[in-house]
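Novice: Sharing a structure with you now.
In the numbering used here, the protein residues as written are 125 to 335.
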């Protein structure tokens with residue numbers, strides 16, 4: 125699980141060849157944009173597959189459900205929508221994890237999964253900050269000032285998973301943004317400073333959360 129970065133890099137030549145073939149056939153036009161889209165979708169699929177595989181091996185609770193691209197899921201509408209005056213804010217969410225046994229009292233997890241920290245990570249951590257304020261019991265003045273309200277669950281947790289292709293995680297500004305997440309995982313091996321950990325740590329975290 126800590127080598128998803130390497131798996132994607134190893135597939136780069138094959139993916140590029142397939143994209144060029146489709147460009148030649150007139151089915152797509154932009155090589156760079158298509159590569160980015162394929163990488164993003166492929167990474168999300170690899171993460172979801174890894175978690176499902178862990179579950180099949182008995183390393184994760186069998187009552188957990190993993191939902192890719194869940195922006196229209198009822199749990200997101202119910203618990204992850206924050207009103208800001210007359211506007212609404214939802215997280216940039218790629219993966220939803222919840223318990224089939226009890227999605228109300230059990231924790232709900234959402235993950236933003238990006239190949240680059242430049243890819244909308246800021247949107248997610250800003251939403252997390254809004255959620256923390258909207259659900260806080262001692263931020264009345266701020267909530268009133270900005271018209272913040274939410275039905276967000278107190279058991280809502282937010283994670284960020286990245287391949288860190290461009291080594292942006294060493295940038296102090298990016299690392300500051302990561303501190304807003306409950307979990308930050310990197311899909312390549314190494315010794316990382318807090319709050320970053322190897323993606324393999326996700327199994328233990330999920331077992332602890334849903335114990």
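Every residue gets a Cβ at the ideal spot worked out from N, C-alpha and C, and that includes glycine.
(1) Indicate whether the contact test is met: 3 or more Cβ pairs, each with one atom in the stretch 127-135 and one in the stretch 195-207, closer than 8 Å.
(2) Look up residue 139 in the DSSP assignment and say whether it is helix, strand or coil.
(3) Tell me the rounded alpha-carbon separation between residue 303 and residue 310.
(4) Return helix, strand or coil for residue 192, following the three-state DSSP convention.
(5) Report the three-state DSSP secondary structure of residue 221 (helix, strand or coil).
(6) If you count every other CB in all the chains shown that lies within 10 Å of the CB of residue 264, and 16 or more means buried, which is it?
(7) Compare the C-alpha of residue 239 against each of 125, 182, 160 and 225 and name the closest.
(8) For residue 283, list the residues DSSP reports as bridge partners.
(9) For residue 133, which of helix, strand or coil comes out of DSSP?
(10) State buried or exposed for residue 168, treating a residue as buried only when at least 16 other CB atoms are found within 10 Å of its CB.
(11) Quick one: what's residue 272 bridged to in DSSP?
(12) From residue 301 to residue 251, what distance separates their C-alpha atoms?
(13) In three-state terms, what does DSSP make of residue 321?
(14) Please tell me whether residue 212 and residue 270 are closer than 8 Å, where the distance is taken between their beta carbons.
Specialist: Let me spell this out:
(1) no
(2) Along the chain shown, one-based indexing puts residue 139 at 15. The answer is helix: DSSP assigns residue 139 an H, G or I state.
(3) Walking along the chain shown from the start, residue 303 turns up at place 179. Walking along the chain shown from the start, residue 310 turns up at place 186. Their Cα atoms are separated by approximately 14 Å.
(4) As a position in the chain shown, residue 192 is number 68, starting the count at 1. If DSSP states are grouped into helix, strand and coil, residue 192 belongs with the strands.
(5) Taking the first residue of the chain shown as position 1, residue 221 is located at position 97. Looking at residue 221 - three-state DSSP - the assignment turns out to be strand.
(6) Indexing the chain shown from 1 puts residue 264 at position 140. Exposed, because fewer than 16 other Cβ atoms sit within 10 Å of the Cβ of residue 264.
(7) Along the chain shown, one-based indexing puts residue 239 at 115. Of the listed residues, the one whose Cα sits closest to residue 239 is 160.
(8) Working through the chain shown from its first residue, we reach residue 283 at position 159. Note: residue 283 sits in a beta bridge opposite 235 and 307.
(9) Position 9 of the chain shown, counted from the first residue, corresponds to residue 133. DSSP places residue 133 in helix when its eight states are reduced to three.
(10) To locate residue 168, count along the chain shown from 1; it is residue 44. Classification of residue 168: buried, given that the 10 Å Cβ count is 16 or more.
(11) Mapped onto the chain shown, residue 272 falls at position 148. Answer is 208.
(12) Position 177 of the chain shown, counting from 1, holds the residue named residue 301. Position 127 of the chain shown, counting from 1, holds the residue named residue 251. Going from the Cα of residue 301 to the Cα of residue 251 covers about 12 Å.
(13) As a first step, residue 321 must be located in the chain shown, where it is residue number 197. Residue 321 falls in the strand class under three-state DSSP.
(14) Against the chain shown, residue 212 aligns to sequence position 88. Against the chain shown, residue 270 aligns to sequence position 146. Result no, Cβ atoms of residue 212 and residue 270 do not sit closer than 8 Å.
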